[in-house]
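Below is one structure; the comments refer to it alone.
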Amino acid sequence: MAISARLEAFLQASNVKHTAAKHPVAYTAQEIAATQHVPGRQLAKCVLVKTERGSVLAVLPAIHRVDAKKLKTLLGVRTLTIAKEADIKERFPDVEVGAMSPFGNLYEVPVVADRALEDSGDIVFNAGSHTDTITMRYEDFARLVKPKVGSFGQSLGAPAAKKKPAGKAAQRKRPRPNATRRGRAKTPPRSRATSRRRRR
4 MAISARLEAF
14 LQASNVKHTA
24 AKHPVAYTAQ
34 EIAATQHVPG
44 RQLAKCVLVK
54 TERGSVLAVL
64 PAIHRVDAKK
74 LKTLLGVRTL
84 TIAKEADIKE
94 RFPDVEVGAM
104 SPFGNLYEVP
114 VVADRALEDS
124 GDIVFNAGSH
134 TDTITMRYED
144 FARLVKPKVG
154 SFGQSLGAPA
164 AKKKPAGKAA
174 QRKRPRPNAT
184 RRGRAKTPPR
194 SRATSRRRRR
């Protein structure tokens with residue numbers, strides 16, 4: 004499969020400078036970076052996520068992974084999950100699964116870009132297949148797509164945030180011996196001998 008016709012037509016119509024390249028089949032961002040001899044920080048990978056408001060295309064450097072907590076905060080959503088293969092096929096029907104470009108605007112999918120890409124200068128990204136990439140200026144991409152920008156990436160070398168273990172059910176507090184409902188200690192019953200002495 005070649006470069007997405009939809010993407011190619013859009014870039015030509017926009018009259019933006021870009022370079023297309025062919026490479027051996029590569030399925031991961033790390034493989035693409037190796038075959039294209041580009042730093043991982045310049046390779047823009049795309050992750051389709053689903054929220055209660057709909058799908059969003061997250062674009063970030065290949066050397067980062069999505070920090071779900073940060074991305075939820077940035078988007079102002081409560082739920083966020085990585086889209087399944089069927090969802091990707093439905094949203095991007097004319098591209099190979101996992102090879103979508105960061106131009107979600109061509110598919111009516113909102114785009115959010117990690118701020119780290121702003122310092123990369125040129126960015127390289129999949130062009131619709133696992134054998135085609137496009138290189139262009141990040142500022143041109145941002146001008147054409149107008150993504151929401153924020154920091155939501157986490158370095159692949161950093162440990163993933165651990166989820167807090169579910170709290171155990173609070174145990175009911177047992178009343179202390181000789182305690183009334185109001186929390187006052189009950190007076191121990193007087194012995195018969197004590198009562199008789201006081202009567203005398």
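Note that the numbering used here has the sequence shown beginning at 4, numbered continuously upward.
Glycine included, C-beta positions come from ideal geometry on N, C-alpha and C.
Keep in mind it's a predicted model, so treat the numbers as computed, not measured.
The segment 41-107 is shown to contain whole alpha helix (DSSP H) runs of 4 or more residues at 71-78, 88-94, in chain order. If you draw a 10 Å sphere on the C-beta of residue 97, you find fewer than 16 other C-beta atoms in it, and that means exposed.
Secondary structure note for residue 22: its beta strand (DSSP E) is the uninterrupted segment 21-25.
Comparing alpha-carbon positions, the option among 48, 18, 16, 33 lying closest to residue 105 turns out to be 48. Here the alpha carbon of residue 159 sits roughly 27 Å from the alpha carbon of residue 108. Around the beta carbon of residue 64, 16 or more other beta carbons sit within 10 angstroms, so the residue counts as buried.
DSSP places residue 145 inside the alpha helix (DSSP H), whose first and last residues are 141-148. If you draw a straight line from the Cα of residue 70 to the Cα of residue 93, it is about 25 Å long.
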